[in-house]
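Undergrad: Dropping the structure in here first, questions after.
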Amino acid sequence: MHLLEIKNLHANVDGHEILKGINLILNPGEVHSIMGPNGSGKSTLAQVLSRHPAYEVTDGEVLYNGKDLLAMKPEEAACEGVFLAFQYPVEIPGISNTYFLRSALNAIRKYRGEDEMDAMDFLPMFREKLKLLEMDDKLMNRSVNEGFSGGEKKRNEILQMAILQPKLAILDETDSGLDIDALRIVANGVNALRGPERAMLVVTHYQRLLNYIVPDFVHVLVDGRIVRSGGKELALELEEKGYGWIEAEAQPTSA
Amino acid sequence: MTTTAIEKLDHHLHTFTEFAKRASGPSWLKKLREDAFARFCETGFPTTRDEDWRFTNVSAIARTPFELAQSATHLSNADIAQWHMENSAAELVFVDGYYVPELSRLQGVKGTVTNLQPAITSKEVESHLGRYLNIHRDPFSALNTAFAADGAYVRIRRGTLLENPIHLLFVSTQANTPRMVHPRNLLVCEMETQATFIEQYVSLGTGTVLSNSATELIAGENSNISHYMIEREDTAAFNVSTLRIQQERSSNVASHSLLLGGGLVRNNVHPVLAGEGSECLINGLFVGSGKQHLDNYMHVEHASPHCSSRQFYNGILDDHAHGVFHGRIVVHKDAQKTDAKQTNRNLLLSDDAQIDTKPQLEIYADDVKCTHGATIGQIEENALFYLRSRGIDEVSARRLLLLAFASECLDRMKPGPAQAHAEQLIHAHLLNVADHAHSQSARTSKGTGRNWEEVG
Ligand SMILES: Nc1ncnc2c1ncn2[C@@H]1O[C@H](COP(=O)(O)OP(=O)(O)OP(=O)(O)O)[C@@H](O)[C@H]1O
Ligand SMILES: [Mg+2]
């Protein structure tokens, strides 16, 4: 069975159609990269898959593990193993990072019928993941993302992913704004999670990331549609030539 | 004044005459009561035409023929077990305005802890009672003084440090006819003392009840005092409370108000920074739903130099609830180097919820620092989605966000049994609010980014 099967997905925001018929299949173990110009709908796709209520699906179907993903609430999708690393992680004053992470982990464990983890069990695992992402544990007593630098926020997303161990990880421009050291750390964190039972959807503008997280497939999203798919060499080609040629080719079909 | 209002004043005149006949007490107290009642008759109940009452209509109180309870409804320890505070230094329990010794626990404090009545003839009480409360400005304070019969009397001796709070519990029982109580507390903290007071109002049953309390709190030189006002009564209850704080030199007072219950609530906090170098923190959280009306009237008086005051009030309002924050700061002519700050933040959970927030600065000194600000916002949908996208269900996510907002108030309380008590109450209460807000979340909540609107 496919892990994720998107069929003819159409979605609106505030009455504007952003996704105009997406078709995509991810199998367990695969890493897919989505590239495309600004405003083409990459984040919209990511948000629809993680079930943001502001996006209205007008047509199409998404099966996740054979289940109707579009019928799920955000928390259900998360508990079923969908994880979105946000392009713009949200700051939440007044809730500590550690408390937030443990609440999230326990919510997911509860959903799966597992026992909640107490602080004693949680801490060693937490420390290990912090080390993996080379993060200062002082950050963890602070409020969620509050006052974090751009790079710290992105690392915090991957830390959450490392703790929650999703089946489908969607990374929305996790590499944007990172220096090369931070990029390596984040990529390590992501690669540590790669495995035969998981799949990843990596949204990026830069080939650079794909040197570290090597994709099996690359898709190009233009104006709400996937206009071209290929292997990892497609990313190199895009880097060299930009999107112009693809957009030009895509023109006739989108008329 | 309308005829019904006059009839109701007649009603109160009758009640007062009866009360004055049987009420005991020394002659100075009788005079205090009579003067206060005369003053009340001059003004009657306030109307929304009074600047201090612009946002709060008390005509429902003015219209109701309240009677004093003839005696306390008999309650056992089991009836009030849920409100006992294990780790309190002392506990005074009042039922329908009457002190109940069997339910109270007085020992454990160096100094005097008692109900007011047995101490009423003492010089100490005479020298303080009624000296601070302003019956001319506020008709409810006049009414309280007119009917002053009992309440708590605490005197903490110089140098005494109390670890645990003194708990004053006021229970309203089922009222089949309208009932009023006028608790009157006198809390005298001498020089270099440290103490915490919890004034807590609860209901057993429902009914039309007016709790109109007044507390005079004297914070002696270099003392460190916390006071908690916790309103948890039934939503049919009227609650008017006035806390008048007299601060002497270098004293440090924290007033924490927690308004969770009651139908129509007016919370007056009136500190006078009378001694140089004193500090005052006025911290509060009000959480309203249904048709609750929660009015916070702050009146911070800077009467001497080098004092600082900090007001922080957070409001959470759902359904048709109406919140008021009126922050008045008066800086007297001699109060140079005053540092006064006021912040009121509000979360509105429904389109029908309403907040009126009004700063009022009267500054007669020239070298002062006064700032104020207020914000009104909603739950941030993006924050809600972020939490949910990690597996946290919507009710829990809402609750977490409400708690985060409320935690600003909890963080300003000194760690200890009183703070723990407040925290536990807030957690439990916000779970209900989150649950309720969730069940109506098909509403118009449409979310993007920060939504705070500067209104100050
Ligand atoms: N609330 C909204 N109302 C109207 N249009 C919106 C709204 N939110 C997003 N859009 C539009 O939807 C389109 C797709 O946005 P999206 O964020 O998915 O693009 P993206 O491919 O992720 O771009 P980027 O590479 O810049 O991150 C954009 O044109 C954007 O302006
Ligand atoms: Mg994007």
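Chains as they are written, first to last, in the numbering used here: chain A, 25 to 279; chain B, 6 to 461.
From the three backbone atoms N, C-alpha and C, an ideal C-beta is built for every residue, glycine too.
Just the chain D side, please: which residues come within less than 7 Å of His76/A by C-beta, in chain order?
TA: Among the protein chains in the structure shown, which are A and B, there is no chain D.
Undergrad: So for His16/B, helix, strand or coil by DSSP?
TA: In this structure, His16/B counts as helix in the three-state DSSP scheme.
Undergrad: Classify Thr22/B as helix, strand or coil using the three-state DSSP reduction.
TA: Here Thr22/B sits in helix by DSSP.
Undergrad: Going straight from the alpha carbon of Glu399/B to that of Leu389/B, what length do you get?
TA: Spanning the two alpha carbons is a distance of roughly 8 Å.
Undergrad: At a cut-off of 7 Å, would you count Asp196/A as near ligand 2, judging by its Cβ distance to the nearest heavy atom?
TA: Yes, ligand 2 has a heavy atom inside 7 Å of this Cβ.
Undergrad: Does chain B have any CB closer than 8 Å to the CB of Ser67/A?
TA: Not an interface residue.
Undergrad: Tell whether a beta-carbon distance below 8 Å holds between Leu269/B and His298/B.
TA: Taking 8 Å as the Cβ cut-off, Leu269/B and His298/B qualify as a contacting pair.
Undergrad: Please determine, among Arg393/B, Asn82/B, Ala370/B, Gln122/B, the residue with the shortest C-alpha to C-alpha distance to Pro31/B.
TA: The candidate whose alpha carbon is nearest that of Pro31/B is Gln122/B.
Undergrad: Considering only their Cβ atoms, is the gap separating Tyr135/A from Cys103/A smaller than 8 Å?
TA: Cβ atoms of Cys103/A and Tyr135/A: closer than 8 Å.
Undergrad: Rounded to whole angstroms, what's the CA-CA distance from Ser120/A to Lys265/A? Just pull it up for me.
TA: Going by the C-alpha atoms only, they are around 45 Å apart.
Undergrad: Name the residue from Ala67/B, Asn62/B, Ile223/B, Ala151/B whose alpha carbon lies nearest to the alpha carbon of Ser132/B.
TA: If we check each option's Cα against that of Ser132/B, Ile223/B comes out closest.
Undergrad: Taking the alpha helix (DSSP H) that Val130/B falls in, what are its first and last residues?
TA: Segment 128-133, the alpha helix (DSSP H) holding Val130/B.
Undergrad: Between which two residues does the alpha helix (DSSP H) harbouring Phe150/A extend?
TA: 143-156 is the span of the alpha helix (DSSP H), which, as asked, contains Phe150/A.
Undergrad: Between Lys66/A and ligand 2, is the CB less than 7 Å from at least one heavy atom?
TA: Yes.
Undergrad: If Val100/B and Thr178/B are in contact, beta carbons under 8 Å, what's the gap, nearest whole angstrom?
TA: Val100/B to Thr178/B, Cβ: 6 Å. Contact.
Undergrad: Report the partner residues of Ser57/A according to the DSSP bridge assignment.
TA: Answer is Val226/A, Val242/A.
Undergrad: Check whether the Cβ of Gln111/A sits closer than 7 Å to any heavy atom of ligand 2, and report yes or no.
TA: Answer for Gln111/A: yes, Cβ within range of ligand 2.
Undergrad: Is it the case that the Cβ atoms of Gly295/B and Thr240/B are separated by a distance below 8 Å?
TA: Yes, the pair counts as a contact, with Cβ atoms nearer than the cut-off.
Undergrad: Any heavy atom of ligand 1 inside 7 Å of the beta-carbon of Asp247/A?
TA: Asp247/A Cβ: outside cutoff for every heavy atom of ligand 1.
Undergrad: Per DSSP, which residues does Arg110/B bridge with? Please list them.
TA: Its beta-bridge partners are Glu96/B.
Undergrad: Can you tell me which of the three DSSP states Cys375/B falls into?
TA: Correct three-state label for Cys375/B: strand.
Undergrad: Which residue spans inside the stretch 239-271 of chain B form an unbroken beta strand (DSSP E) run of at least 3?
TA: Runs of the beta strand (DSSP E) inside the stretch 239-271 of chain B: 243-252, 257-264.
Undergrad: Short of 9 Å Cβ to Cβ, which residues in the stretch 78-90 of chain A face chain B?
TA: Result list: Ala78.
Undergrad: Mark Tyr206/B as exposed unless 16 or more other C-beta atoms lie within 10 angstroms of its C-beta, in which case mark it buried.
TA: Buried: at least 16 other Cβ atoms inside 10 Å.
Undergrad: According to DSSP, is Tyr112/A part of a helix, a strand, or is it coil?
TA: It is coil, neither helix nor strand.
Undergrad: Report yes if the C-beta of Val72/A is less than 7 Å from at least one heavy atom of ligand 1; otherwise report no.
TA: Result no, Cβ not under 7 Å from ligand 1.
Undergrad: Compile a chain-ordered list of the residues in the stretch 370-387 of chain B whose CB is closer than 9 Å to at least one CB of chain A.
TA: Per Cβ criterion, the list reads Glu385, Glu386, Asn387.
Undergrad: On the three-state DSSP scale, how would you describe Met164/A?
TA: In the structure shown, Met164/A sits in a helix (DSSP, three-state: H, G or I).
Undergrad: Return helix, strand or coil for Asp205/A, following the three-state DSSP convention.
TA: Helix, per DSSP.
Undergrad: Rounded to whole angstroms, what is the Cα-Cα separation between Phe110/B and Asn92/B?
TA: Reading off the sequence shown, one finds Arg at residue 110/B, where the question assumed Phe. Spanning the two alpha carbons is a distance of roughly 12 Å.
Undergrad: Which residues, taken in chain order from the stretch 390-405 of chain B, show a beta carbon closer than 9 Å to some beta carbon of chain A?
TA: Answer set for the stretch 390-405 of chain B: Phe390, Tyr391, Leu392, Arg393, Ser394, Arg395, Gly396, Ile397, Asp398, Glu399, Ser401, Ala402, Leu405.
Undergrad: Tell me which same chain residues have a C-beta within less than 6 Å of the C-beta of Arg222/A, skipping the five on either side of it?
TA: So the list reads Lys191, once near-sequence residues are dropped.
Undergrad: In terms of residues, what are the limits of the alpha helix (DSSP H) holding Gly174/A?
TA: Taken as a continuous stretch (DSSP letters only), the alpha helix (DSSP H) holding Gly174/A covers 174-188.
Undergrad: Quick check: the stretch 157-174 of chain A against the stretch 128-146 of chain A, are at least 3 beta-carbon pairs closer than 8 Å?
TA: No, because fewer than three Cβ pairs between the stretch 128-146 of chain A and the stretch 157-174 of chain A fall closer than 8 Å, the two stretches do not touch.
Undergrad: Using a Cβ-Cβ cut-off of 8 Å, state whether Val214/A counts as contacting chain B.
TA: With 8 Å as the cut-off, Val214/A does not count as an interface residue toward chain B.
Undergrad: Using alpha carbons as the reference points, say which of Ala259/A, Leu258/A, Ile250/A, Tyr112/A lies closest to Leu33/A.
TA: It is Ile250/A whose Cα lies nearest to the Cα of Leu33/A.
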